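So the structure is just underneath, and the comments pick up after that.
Residue numbers (my numbering), protein chains in the order written: chain P, 12 to 272; chain L, 67 to 448.
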């Protein structure tokens with residue numbers, strides 16, 4: 012495994028940038044984005060995808076199963092039962108048994124329901140799925156999901172589509188510190204700098220959608236996010252220095268210290 | 067809870083006062099804000115704001131793209147009956163409007179034939195419509211129509227007479243995802259003047275119906291005022307308040323707003339408050355600025371060129387190739403009575419091409435069989 016590879020459920024991935032496929036203006040825009048950011052894990056809403064008509068579906072037709080892991084998501088599901096049904100349907104249609112669990116009962120902010128998410132995760136893990144749950148940045152919930160056997164946790168940086176950045180920073184820091192599964196910061200990352208910030212904190216990966224879909228130049232924005240994720244990861248590995256309020260000379264006390272006998 | 071209590075706090079005099087006192091500074095303040103208050107809404111609906119359509123349009127476009135991306139959902143209406151027991155003076159279906167063409171309620175095989183044609187155009191979302199005819203088209207028949215339509219479409223919505231919560235729940239059990247129910251007019255005196263008989267004459271029963279649908283588990287709730295019946299600024303204000311109220315009262319449901327404008331009406335009725343294109347655009351922009359995350363539906367009531375322009379300004383769902391006659395897609399042609407004449411007669415394929423050319427992705431499917439309990443096993447026509 013290369014130094015920069017990371018694993019989910021025993022499978023190695025080169026790219027730490029996952030991409031959501033909603034809101035793109037055209038198949039071509041999505042294709043250019045994927046090409047430029049070099050994402051491997053690409054999530055598709057099952058409500059939106061016409062799996063029976065994959066060739067004509069404006070999202071599925073762009074994805075290449077050889078290059079992309081198509082990660083079906085359950086967005087729009089309001090109960091654990093609905094999410095489980097969706098996941099099973101995707102598996103029955105021939106997709107790999109991976110699922111991004113999204114239980115978002117309210118359509119305004121699309122915030123995840125922690126209770127239904129935990130229930131659904133238990134059912135899906137028992138059923139043999141690799142489960143990647145989208146959650147509120149709640150460190151205890153993250154541990155509970157880990158115990159249930161999810162493959163990652165995916166805490167939100169800010170509400171989906173909000174472009175606000177890592178607003179839940181303090182809680183995400185705790186989740187990363189405590190986690191034994193990969194932590195993917197999902198939702199709210201509206202600029203490459205936000206993605207870099209999450210990666211610098213030690214997130215294993217990020218998931219971006221709106222900021223990519225909404226770009227004027229899809230190829231350029233895809234590349235910008237790809238670079239930011241890589242830069243953030245490198246900085247994390249190189250270990251960032253602490254943030255200081257004031258400037259500090261590099262060896263202010265060294266004269267005195269040296270004089271000590 | 068009821069929206070009645072909320073609307074009671076905003077009688078027309080209070081709204082009129084807010085609209086009248088809005089000046090350029092108020093409009094600019096409303097434009098600059100991130101979250102807008104009812105006073106901001108009044109400013110955006112005011113005559114003064116008519117000079118601010120360009121900045122309002124930019125903001126509306128930004129908000130719509132932010133929340134929905136550059137996508138337009140595609141849906142199509144399917145009239146299953148034109149029998150009507152109400153007497154709404156503006157409607158072609160009302161018996162006293164004097165139209166003599168044939169009245170029909172489609173049977174199961176006819177519904178199947180119409181569904182098959184529409185699914186063949188690529189539609190995955192259908193809106194079933196009836197008149198106000200609880201006796202001629204009972205809930206049990208609508209439930210059957212929903213179940214049949216589900217064989218062809220993952221998403222089935224209904225625009226039918228107002229129901230009790232238990233009846234909505236029955237339809238949900240058969241696979242109903244959405245309900246469209248226009249208040250027609252929120253202005254009580256006007257409501258009484260234009261709805262002369264039948265259950266529909268009951269303002270109070272109708273105004274709470276959409277909330278009952280939400281409580282029964284309907285996922286998409288569409289509201290609207292029939293533009294032309296009363297002052298559009300007042301109606302727009304009340305509709306927006308209703309939308310915001312429903313977001314709280316039915317927090318699990320997605321809310322959308324339609325802007326049906328009266329253009330073709332029976333001879334016995336003159337449209338009392340005609341709404342111009344420019345005014346309709348101002349209304350839509352003000353609504354978008356007040357309710358950034360609600361869907362906007364746009365039907366073929368409006369002209370093709372006007373619809374094409376609106377793609378950029380906040381619309382999120384469009385119908386195309388519509389017929390307002392039961393059986394109008396392939397069973398009865400033009401034999402049956404239509405509800406109103408459509409303006410945009412282009413085919414779904416033509417409209418989809420226009421949407422793509424405008425830089426938007428036409429989305430045919432945005433719901434799945436797996437979501438609800440009615441979906442047992444694989445659909446037979448997918």
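The beta-carbon is built from N, C-alpha and C at its ideal position, and this holds for glycine as well.
None of these values were measured; they are calculated from a predicted model.
At the C-beta level, residue 354(L) and residue 225(P) stay beyond 8 angstroms of one another.
In this structure residue 141(L) does not touch residue 203(L) by the C-beta definition: roughly 21 angstroms separates them, more than the 8 angstroms allowed. Counting along the chain, residue 65(P) sits inside no beta strand (DSSP E), nor does DSSP assign it H or E at all.
Per the coordinates, the alpha-carbon of residue 404(L) lies some 5 angstroms from the alpha-carbon of residue 390(L).
Going by DSSP, residue 420(L) is part of no beta strand (DSSP E) but of the alpha helix (DSSP H) stretching over 414 to 423. Taking the C-beta atoms as reference points, residue 364(L) is found no nearer than 8 angstroms to residue 306(L).
In the structure shown, residue 153(P) falls within a helical segment according to DSSP collapsed to helix, strand and coil. For residue 58(P), the nearest CB of chain L lies under 8 angstroms from its own CB, placing it at the interface with that chain.
Interface flag for residue 422(L) against chain P is set, since a Cβ pair is found closer than 8 angstroms. Judged by pairs of C-beta atoms under 8 angstroms, the segment 133 to 144 of chain P does not touch the segment 168 to 176 of chain P, as fewer than three such pairs exist. For residue 133(L), the closest Cβ of chain P is nearer than 8 angstroms. Under the 8 angstroms criterion on CB atoms, residue 86(P) is classed as non-interfacial with respect to chain L.
A residue is called buried once 16 or more other Cβ atoms fall within 10 Å of its Cβ, and residue 151(P), having fewer, is exposed. Taking 8 angstroms as the cut-off, the beta carbon of residue 51(P) is found closer than this to the beta carbon of residue 25(P). Between the segment 275 to 286 of chain L and the segment 313 to 321 of chain L, the count of C-beta pairs closer than 8 angstroms reaches three or more; the two stretches touch. Taking a cut-off of 8 angstroms on C-beta distances, the segment 61 to 68 of chain P does not touch the segment 86 to 95 of chain P, as fewer than three cross pairs fall below it.
Not flagged as an interface residue toward chain P: residue 309(L), since no C-beta distance is shorter than 8 angstroms.
Per DSSP, the beta-bridge partners of residue 290(L) are 324(L). In this chain, the beta strand (DSSP E) harbouring residue 110(P) covers 109 to 112. Residue contact with chain P for residue 320(L): present (Cβ-Cβ distance below 8 angstroms to some residue of chain P). With a 10 Å radius around the Cβ and a threshold of 16 neighbouring Cβ atoms, residue 255(L) comes out exposed. Per DSSP, residue 125(L) lies in no beta strand (DSSP E); the unbroken alpha helix (DSSP H) holding it starts and ends at 119 to 134. Under the three-pair Cβ rule at 8 angstroms, the segment 372 to 380 of chain L counts as touching the segment 339 to 350 of chain L. The segment 110 to 122 of chain L makes no contact with the segment 141 to 151 of chain L: fewer than 3 CB pairs, one atom from each, lie closer than 8 angstroms. Under the 10 Å beta carbon count, residue 71(L) is surrounded by fewer than 16 other beta carbons and is classified as exposed. Excluding five sequence positions before and after residue 84(L), the CB atoms of its chain that fall closer than 7 angstroms to its own CB belong to 105, 108, given in chain order. Contact between residue 272(L) and residue 249(L) holds, with the beta-carbon distance rounding to 6 angstroms and staying under 8 angstroms. Shown here, residue 189(L) sits in coil according to DSSP, grouped into three states, outside any helix or strand. Residue 93(P) reaches chain L at 436, 437, 438, counting residues in chain order whose Cβ is nearer than 8 angstroms.
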